[in-house]
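Asker: Below are the structure tokens for one structure; questions will follow.
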Amino acid sequence: MDRSTEIREFLRIRRARITPEQAGIAPHPGARRVPGLRREEAAQLAGVSVDYYIRLERGRTQGVSETVLEAVARALQLDDTERAHLFDLAQPTAARTRRKRPLAPQRVRPAVYRALESLGVPAMVLGRRMDVLAANRLGYALITDFEARPHRERNSARFVFLDEAARTLYTDWERVAGDCVATLRLYAGRHPDDPQLTELIGELSLHSDTFRRMWADHDVLAHTTGTKRLRHPLVGDLTLDYVVLAVEGDPDQTIVIYTPEPASRSAEALTILSSWISTSTTGPHAPGETRDPAG
């Protein structure tokens with residue numbers, strides 16, 4: 000991933016989404032040839048010279064300070080996730096001095112496996128690139144049996160975009176797909192030199208017009224909570240809330256837990272699904288086994 004291109008497109012698109020009125024400034028006189036703010040207006044809001052802002056938007060970020068990036072983030076009204084993404088892309092001077100360690104294969108701790116199986120609701124562990132590192136039996140039964148797939152295909156984004164079953168499973172597939180793209184974009188900012196991530200993005204871009212369209216929007220998303228609506232082939236329609244929990248010691252590893260409203264139709268459906276899989280042998284890998292598809 001070319002950082003100069005990424006930061007140029009990210010800033011350009013974010014600038015185009017803000018009108019002078021939204022920014023609280025008087026628009027420059029004359030016809031406007033661009034949507035949103037002009038570069039001059041963005042520079043004014045950030046308190047930097049126009050030439051300096053133009054250099055930033057062209058991806059020339061060498062020597063840029065965190066103070067300037069904070070000012071640009073405020074000017075473009077970036078949220079916390081977008082601000083973090085800007086910092087990842089720009090790599091301010093202070094960050095350049097930190098030694099980066101190569102990405103190690105991700106492992107799911109034995110205690111996490113046990114925690115997954117102790118839950119009475121669907122749960123799974125996602126790693127970088129949206130790889131499915133582990134899940135409990137109900138989690139596999141709810142989404143798909145990732146464990147039965149080759150290692151490189153145990154990935155949520157590949158499932159959403161390249162498996163027709165996902166379009167049937169997710170009632171609001173377009174929103175789920177957009178969330179996948181925005182999450183991958185966030186990871187790409189953090190790990191631009193990850194070859195497996197580059198391969199995944201290239202594969203999805205090659206085989207999915209929708210992915211290419213969404214990728215061009217440069218949206219970023221950090222999952223915390225939300226709702227998924229599914230049409231399961233065995234138990235019908237479900238509406239499940241989810242919460243995303245960080246795994247201590249691995250910032251790129253999260254646990255996603257799905258829960259229904261108590262005494263709801265979805266709760267009843269999960270009970271039926273749980274009964275259906277009660278004799279199944281599908282479950283998490285043995286504790287300590289590497290589950291990173293790249294590993």
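Note that numbering that gives the first Met the number 0 has the sequence shown beginning at 0, numbered continuously upward. For each residue, glycine too, the CB sits at the ideal point set by N, CA and C. Keep in mind the model is a prediction, meaning the values are calculated, not measured.
Let me check one thing: in DSSP terms, what residues is Y169 bridge-paired to?
Answerer: L229
Asker: From the DSSP output, read off the bridge partner residues of Y241.
Answerer: G225, Y257
Asker: Below 8 Å, can you find three or more Cβ-Cβ pairs linking the segment 110-125 to the segment 249-268?
Answerer: yes
Asker: Considering only C-alpha positions, which residue in the set P109, I142, R136 is nearest to V246?
Answerer: P109
Asker: Residue range of the beta strand (DSSP E) that A41 falls in?
Answerer: Run containing A41: none in the beta strand (DSSP E); it sits in the alpha helix (DSSP H), 38-45.
Asker: Which residues in the same chain have their Cβ closer than 6 Å to the Cβ of R13, if we skip the five residues on either side of it in sequence?
Answerer: Around R13: L75.
Asker: Under three-state DSSP, which class holds V107?
Answerer: Coil, per DSSP.
Asker: Give me the Cα-Cα distance between R54 and D162, rounded to the nearest whole angstrom.
Answerer: In a straight line, the C-alpha of R54 is about 42 Å away from that of D162.
Asker: Report buried or exposed for R230, applying the criterion of at least 16 other Cβ atoms within 10 angstroms of its Cβ.
Answerer: exposed
Asker: Is the segment 222-236 touching the segment 81-89 in the sense that three or more CB pairs, one from each, lie closer than 8 Å?
Answerer: The answer is no - the segment 222-236 does not touch the segment 81-89, with fewer than three Cβ pairs under 8 Å.
Asker: Measure the beta-carbon distance from V234 to A266 and round it to whole angstroms, keeping in mind my assumption that it falls under 8 Å.
Answerer: Between A266 and V234 the Cβ distance is about 11 Å, and since that is not below 8 Å, they are no contact.
Asker: Can you tell me whether I271 is buried or exposed? The criterion is at least 16 other CB atoms within 10 Å of its CB, across all chains shown.
Answerer: exposed
Asker: Going by DSSP, name the residue or residues bridged to L125.
Answerer: V131, T253
Asker: Give the straight-line distance between the Cα atoms of H206 and T167, rounded to the nearest whole angstrom.
Answerer: 18 Å
Asker: Would I67 pass as a contact of A45 if the rule is Cβ separation under 9 Å?
Answerer: Going by the sequence as given, residue 67 is Val instead of Ile. The answer is yes: Cβ separation under 9 Å.
Asker: Buried or exposed: R106, going by 16 or more other Cβ atoms within 10 Å of its Cβ?
Answerer: buried
Asker: With DSSP run on the structure shown, which of helix, strand or coil describes V246?
Answerer: strand
Asker: Measuring only the C-alpha atoms, how far is L10 from G248?
Answerer: 32 Å
Asker: Who are the near neighbours of L115 in its chain, counting only those whose CB is closer than 8 Å to its CB and skipping five residues on each side?
Answerer: A122, M123, V124, A133, A134, N135, G138, I254, P283
Asker: Under 8 Å, with one C-beta from each stretch per pair, do the segment 199-215 and the segment 142-149 reach the 3-pair mark?
Answerer: no
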